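2 protein chains.
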Amino acid sequence: MKWREVDRQQCSVARALSVVGDRWTMLVVREAFLGTRRFEDFLEHVGASRNIVADRLRKLVDADVLARRPYQDAPPRYEYKLTAKGRELYPVLASLLAWGDRWMWEDENDRPLHLVHDRCGQRMSPQLACPCCGEAIDPREVTAVGERAS
Amino acid sequence: MKWREVDRQQCSVARALSVVGDRWTMLVVREAFLGTRRFEDFLEHVGASRNIVADRLRKLVDADVLARRPYQDAPPRYEYKLTAKGRELYPVLASLLAWGDRWMWEDENDRPLHLVHDRCGQRMSPQLACPCCGEAIDPREVTAVGERAS
DNA sequence: GGGGTTGGTTTCGAAACGAAACCTACTCGG
DNA sequence: CCGAGTAGGTTTCGTTTCGAAACCAACCCC
Numbered sequence: 533m534k535w536r537e538v539d540r541q542q543c544s545v546a547r548a549l550s551v552v553g554d555r556w557t558m559l560v561v562r563e564a565f566l567g568t569r570r571f572e573d574f575l576e577h578v579g580a581s582r583n584i585v586a587d588r589l590r591k592l593v594d595a596d597v598l599a600r601r602p603y604q605d606a607p608p609r610y611e612y613k614l615t616a617k618g619r620e621l622y623p624v625l626a627s628l629l630a631w632g633d634r635w636m637w638e639d640e641n642d643r644p645l646h647l648v649h650d651r652c653g654q655r656m657s658p659q660l661a662c663p664c665c666g667e668a669i670d671p672r673e674v675t676a677v678g679e680r681a682s
Numbered sequence: 533m534k535w536r537e538v539d540r541q542q543c544s545v546a547r548a549l550s551v552v553g554d555r556w557t558m559l560v561v562r563e564a565f566l567g568t569r570r571f572e573d574f575l576e577h578v579g580a581s582r583n584i585v586a587d588r589l590r591k592l593v594d595a596d597v598l599a600r601r602p603y604q605d606a607p608p609r610y611e612y613k614l615t616a617k618g619r620e621l622y623p624v625l626a627s628l629l630a631w632g633d634r635w636m637w638e639d640e641n642d643r644p645l646h647l648v649h650d651r652c653g654q655r656m657s658p659q660l661a662c663p664c665c666g667e668a669i670d671p672r673e674v675t676a677v678g679e680r681a682s
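Sequence lines, in order, name chains X and H.
Letter by letter, the first sequence follows residues 533 to 682 of the working numbering.
Letter by letter, the second sequence follows residues 533 to 682 of the working numbering.
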């Protein structure tokens with residue numbers, strides 16, 4: 533199977549990755565969450581080359597994760613903003629951030645970015661909870677049902 | 533910047549993706565969470581070709597996400613199991629699953645896999661919560677602090 | 001000793017990436 | 001009016017990675 537065909541797997545993880553699983557794509561989404569709107573700013577902060585950033589922005593717009601719209605007419609200029617679908621990627625990004633914070637730094641004081649929860653004022657590392665009972669989720673207490681045909 | 537150098541970014545998301553951001557890698561991790569242990573089973577379920585699966589397993593072992601150990605001596609055979617570091621990728625996988633469930637199916641009844649929280653017995657789609665106050669997280673109520681030098 | 005099983009490595013053509021150059025459609029300053 | 005600058009890309013072309021198939025190795029059992 534080729535990567536381009538991964539969206540045909542009967543698995544939501546595979547299908548999600550068919551949209552956000554290309555190299556650099558989640559870094560483009562990260563920038564969008566940090567407020568980046570313009571092509572040149574994505575280019576500067578994501579770190580990929582021009583043609584790759586252009587390709588990823590186009591694919592994210594095609595997938596309705598970002599919306600592209602002109603913010604001036606003459607000369608024509610565009611901005612990219614998260615859609616509702618894109619904003620719902622927040623848990624994916626926050627989970628990657630938490631895992632990277634936990635495992636990818638020699639000295640945790642070097643970490644450049646922290647999240648603060650405005651409601652309680654605390655620095656936080658988001659955790660998963662069950663929406664119905666509110667309890668923190670332990671993977672061992674979760675059962676995957678009906679997983680596959682084989 | 534080349535993708536191989538993405539772990540040099542001063543960003544936990546980028547560094548996390550330097551480990552699990554290659555094509556197919558999160559699908560290998562998905563399989564590990566579903567209980568797959570052996571090479572031939574990863575090969576069958578992940579969908580990538582042999583050399584790619586071998587490469588991703590090797591890189592995940594190098595990154596201490598999976599551990600490779602023999603389960604018999606003659607002939608030599610190996611199994612791959614999640615480490616503590618690997619098990620902590622659960623939120624990333626669960627978030628991708630939830631997003632894929634939400635956005636990647638025409639008919640949600642076609643979704644092949646559901647998660648059931650054993651403690652409360654309900655089918656669930658995990659959500660993020662603040663570990664200190666227990667509230668569900670709204671991205672608009674989270675501030676990113678000290679984001680970057682520029 | 002022939003065939004089967006498991007866990008890979010090698011090979012080689014195709015696709016994706018990456019850096020630099022180029023293009024377009026304007027602006028502004030002189 | 002001319003030249004330089006800016007924003008947002010596309011094109012080109014050499015390098016890297018992917019992907020499918022073939023091959024290899026170390027055993028087992030019959």
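For every residue, glycine included, the Cβ atom is placed at its ideal position computed from N, Cα and C.
Keep in mind that this is a model prediction, so the values were computed, not measured.
### Task
Flag X:Gln604 as yes if its beta-carbon sits less than 8 Å from any beta-carbon of chain H, otherwise no.
no
### Query
Applying a beta-carbon distance threshold of less than 9 Å, which residues of chain H neighbour X:Val677?
Leu645, His646, Leu647, Val648, Arg655
### Query
Whole-angstrom Cβ separation of H:Leu621 and X:Trp631, contact assumed at under 8 Å?
6 Å
### Query
Are the Cβ atoms of X:Cys664 and H:Met656 separated by less than 8 Å?
yes
### Task
Note down, in chain order, each residue of its chain lying with its Cβ closer than 7 Å to the Cβ of X:Glu611, except the 5 sequence neighbours on either side.
Arg569, Arg570, Arg601, Tyr603
#### Entry: Any chain H beta carbon closer than 8 Å to X:Cys664
yes
#### Entry: Identity of the residue in X:Leu645, X:Leu559, X:Lys534 nearest H:Val674 by Cα
X:Leu645
### Task
Mind checking the stretch 610-632 of chain X against chain H and listing, in chain order, the residues whose C-beta falls within less than 8 Å of any C-beta there?
Lys617, Arg619, Glu620, Leu621, Tyr622, Pro623, Val624, Leu625, Ala626, Ser627, Leu628, Leu629, Ala630, Trp631, Gly632
#### Entry: Interface positions of the stretch 561-576 of chain X facing chain H (Cβ-Cβ less than 8 Å), listed along the chain
Arg562, Phe565, Leu566, Glu576
#### Entry: Among X:Gly618, X:Pro608, X:Ala595, nearest to H:Pro671 - alpha-carbon criterion
X:Gly618
### Task
Please report the Cβ distance between H:Glu661 and H:Ile669, rounded to the nearest whole angstrom; I am assuming they are in contact, meaning their Cβ atoms lie under 8 Å.
Note that residue 661 of chain H is Ala in the sequence shown, not Glu. Sure, about 6 Å apart at Cβ, within 8 Å.
### Query
In its own chain, which residues sit with a C-beta less than 7 Å from the C-beta of H:Leu598, not counting the 5 before and 5 after it?
Ala564, Leu589, Leu592, Tyr612, Lys613, Leu614, Thr615, Gly618
### Query
Between X:Arg536 and H:Val578, what straight-line distance do the alpha-carbon atoms span, to the nearest angstrom?
14 Å
### Query
My guess is that X:Val624 and H:Val552 are in contact by the Cβ rule of under 8 Å, so how many angstroms apart are they, rounded?
Contact doesn't hold; Cβ gap of about 11 Å is too wide.
### Cβ distance (whole Å) where X:Val487 is taken to contact H:Leu559 below 8 Å
One cannot answer for residue 487 of chain X here, as it falls past the ends of chain X, which runs 533 to 682.
### Task
Check whether the Cβ of X:Arg601 sits closer than 7 Å to any heavy atom of the ligand SAH, and report yes or no.
Of the ligands one can find in the structure shown there are none, so the ligand SAH has no counterpart to examine.
### Query
Considering only the beta carbon of each residue, do H:Met636 and X:Ala586 sit closer than 8 Å?
no
### Task
With a cut-off of 8 Å on the beta carbons, I'd call H:Asp650 and H:Arg643 a contact; round off their distance for me.
Going by Cβ atoms, the distance from H:Asp650 to H:Arg643 rounds to 20 Å, so no, they are not a contact pair.
### Query
Distance, Cα to Cα, X:Val538 vs H:Trp556?
9 Å
### Message
Need the endpoints of the alpha helix (DSSP H) that X:Glu572 sits in, please.
### Response
571-578
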